[in-house]
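Scroll down for the structure; my scribbles are underneath it.
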Amino acid sequence: MKKLLFLFIFLPLLNFAQIQYTMPSEEDQHEGTWLQWPHNFTYPPWHQEDNEPAFIEMVTALETGENVHIIVYDTNEQIHVQQVLSAASVPLTNVDFYIHPNDDYWTRDNGPIFVYDNNNNLIILDFGFNGWGGDAPYALDNQIPTLIANDLNLPYVDLDGFVLEGGSVEIDGNGSAIMTRSSITGADRNPNLTEMQIENYLTSYLGVTNFIWLDGEFGGLLDITDMHIDGFVKFVNMNTIVTMSNSDLIYWGLSTQDISTLNSATDVNGSPYSFITLPLTQNNVTTSWGGNVNFKGSYVNYYVANDAVLVPVYNDPNDSIALSIIQDLYPSKTVVGIDCSNMYYEGGMVHCVTQQQPISLVSTNMIQIDNYNKRLINTIDILGKETKQTNQPLFYIYDDGTV
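Just add 17 to the spot in the sequence shown (first one is 1) and you have the numbering used here.
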């Protein structure tokens, strides 16, 4: 039986939080990308058929530059996914599978969040997930981060008392974060936490010290995320933000006050940001079966991988314009359009279904140990005592005797 390093954090936090963990920028080097493959166990039998083509496109674009970790519902689903990828001539060399029943495919929101502790150890954060305020099934998805930590033999922090979806916070990896209150501080997410307590969480566990809060808008059933930030704002780097024009932000539902707050935001050094704007689609998004979403699509919800940038496209005249702008932002990467027309009908795009795993940093001046197929059986401090703390130098002992 695996022995897993587990960290339980008691509530509430102190009012003056210290940085214990830091979430790196999405643009930093990845070990891999996590996906939850669409299935038909939660929604109608055409759910997988409608959404699977986009996932095949994503794996095709990702696997040449990093590992692709796919969470599948059961063994039969794994066989199915292997077959459809092979049929699409996708090499499986850098693709692996993790069998865990799950509710849906929005890995950004329910999946593991990877951070570094102050000694550069890789840690998984397991925030609470409640189906965007109880609007969708979530019991299985809420278990995924802990299960993945167990699979990878990584220590994890149980933060179930703080509900946070990955798409609700945009982080530059250098201390700044942009968020909407509607998707974090609302009564259906964290009714018992003050905004200061929430900021303390974000400081302690994500390394955020510069908070850029927008009010956002409660979306009800039209937008169960309640205006996730990753639909309309993204950091390119610590100085530059990609967003939409002011008129398009109003179309998206932002208030003039939120637009003013965003446009006047400053980075951790107090310097104003540079802004790059992407268009919305020219037309309302239409699905592959001819359904009209009755709303224009966003290109801001793209995902930056090691060698590629995955951009949502919609078979729209503005696709090429958005792809060109994003290619100029990332000249060393290949920009790949992923048809998200059907996914958008269900409320999300590329960034919503991907989650990055950063590389391990704990190798400097040490012999690199290959821990593949090895089980973590103990964790000790520099005195040789068993420990469950991670804010100190640790030694990880595997079942074959390597340390």
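We put the beta carbon where it would ideally sit given N, CA and C, even for glycine.
Since the model is a prediction, treat every value here as computed from it, not as a measurement.
9 Å Cβ cutoff, residue i in contact with chain C
i      : result
Asn359 : The structure shown contains no chain C, having only a single protein chain.
Range covered by the beta strand (DSSP E) that runs through residue i
i      : result
Pro329 : Ala325 to Val330
Ile201 : Looking at the DSSP string, Ile201 is not in any beta strand (DSSP E), and its letter there is neither H nor E.
His64  : His64 -> not in any beta strand (DSSP E); alpha helix (DSSP H) instead, spanning His64 to Leu79.
Gln299 : Leu297 to Thr303
Ser315 : Asn309 to Ser315
Integer Cβ distance of residue i from residue j, believed to fall under 8 Å
i      : j      : result
Val180 : Gly224 : Between Gly224 and Val180 the Cβ distance is about 19 Å, and since that is not below 8 Å, they are no contact.
Thr81  : Thr371 : Not quite, the Cβ-Cβ distance comes to about 16 Å (not below 8 Å), so this is no contact.
Tyr361 : Ile343 : Going by Cβ atoms, the distance from Tyr361 to Ile343 rounds to 17 Å, so no, they are not a contact pair.
Ser177 : Asp143 : Looking at the sequence itself, residue 177 is Asp, so the reference to Ser does not match. 7 Å between Cβ atoms; contact.
Gly128 : Ile161 : 6 Å
Phe292 : Ile258 : 5 Å
Val85  : Leu139 : Contact flag wrong, Cβ pair sits at about 18 Å.
Tyr347 : Val321 : 7 Å
Asn508 : Thr304 : Residue 508 lies beyond the residue range present for the chain, which begins at 18 and ends at 420; the question has no answer from this structure.
Ser200 : Gly233 : 6 Å
Thr459 : Asp324 : An answer regarding residue 459 cannot be provided, because it is not within the stretch 18 to 420 covered by the chain.
Leu102 : Val112 : 7 Å
Gln373 : Thr50  : 6 Å
Glu48  : Pro375 : 6 Å
Residue from the options with nearest C-alpha to residue i
i      : options                           : result
Val76  : Val326, Ser288 and Thr278         : Val326
Ser106 : Ile96, Pro118, Ile73 and Trp123   : Ile73
Asn170 : Asn191, Ile141 and Asp152         : Ile141
Val330 : Ile188, Cys357 and Leu297         : Cys357
Ala156 : Asp121, Asn209, Gln214 and Ala166 : Asp121
Thr202 : Leu219, Gly190, Ser193 and Gly192 : Leu219
Asp284 : Asp189, Glu69 and Asn68           : Asp189
Thr197 : Pro129, Gly270, His117 and Asp134 : Gly270
Tyr316 : Leu79, Pro289 and Asp247          : Asp247
Gln65  : His47, Met366, Glu94 and Ala339   : Glu94
Ser193 : Val174, Asn254 and Leu210         : Asn254
Ala14  : Met213, Asp45, Pro70 and Tyr222   : Any property of residue 14 remains undetermined from this structure, which presents the chain solely from 18 to 420.
Pro61  : Asn263, Asn191, Glu363 and Gln99  : Glu363
Gln299 : Val186, Ser305, Tyr268 and Thr110 : Tyr268
Lys313 : Leu109, Trp149 and Asn301         : Asn301
Cys369 : Ile376, Asn335 and Val328         : Val328
Ala166 : Ile215, Asn137, Val132 and Gly148 : Val132
Leu297 : His47, Ile376 and Met261          : Met261
Thr137 : Thr278, Tyr38 and Asn332          : Note that residue 137 is Asn in the sequence shown, not Thr. Among Thr278, Tyr38 and Asn332, the Cα nearest to that of Asn137 belongs to Tyr38.
Tyr173 : Tyr222, Asp205 and Ala282         : Tyr222
Asn191 : Asn286, Leu231, Asp113 and Gln214 : Asn286
Ser337 : Leu295, Gln99 and Ala282          : Leu295
Pro118 : Asn147, Glu44 and Thr59           : Thr59
His97  : Asp134, His56 and Pro108          : His56
Ala78  : Val353, Pro375, Tyr290 and Leu378 : Val353
Gly150 : Asp175, Leu340, Asp45 and Ser185  : Ser185
Glu43  : Gln99, Phe252, Ala282 and Asn209  : Phe252
Asn68  : Leu340, Trp306, Ser377 and Ser341 : Trp306
Asp134 : Asp168, Tyr290, Phe235 and Pro41  : Pro41
Beta-bridge partners of residue i, as assigned by DSSP
i      : result
Val379 : DSSP lists no partner for Val379.
Trp230 : Met196
His56  : DSSP lists no partner for His56.
Thr257 : Asn254 and Ser291
Thr50  : Val85 and Gln373
Thr242 : Paired residue(s): none; Thr242 is not in a bridge.
Tyr320 : Leu327
Gly236 : Asp240
Residue i: CB within 8 Å of a non-hydrogen atom of the ligand PLP
i     : result
Asp67 : Only the bare structure without any ligand can be found here, which leaves the ligand PLP out of the picture.
Where the alpha helix (DSSP H) through residue i begins and ends
i      : result
Asp275 : Thr273 to Asn280
Asp189 : Run containing Asp189: none; DSSP gives neither H nor E here.
Leu17  : Any answer about residue 17 is impossible in this case: the structure gives the chain only from 18 up to 420.
Tyr173 : From DSSP, Tyr173 is part of no alpha helix (DSSP H) but of the beta strand (DSSP E) over Tyr173 to Val180.
Trp269 : Asn263 to Trp269
### Message
Give the list of continuous beta strand (DSSP E) stretches no shorter than 3 residues that lie fully inside the region 83-164.
### Response
With a minimum length of 3 residues, the continuous beta strand (DSSP E) runs that stay inside the region 83-164 are 84-89, 112-116, 130-134 and 139-145.
### Query
If you scan the region 325-364 from start to end, which runs of the alpha helix (DSSP H) of 4 or more residues do you find wholly inside it?
336-346 and 358-362
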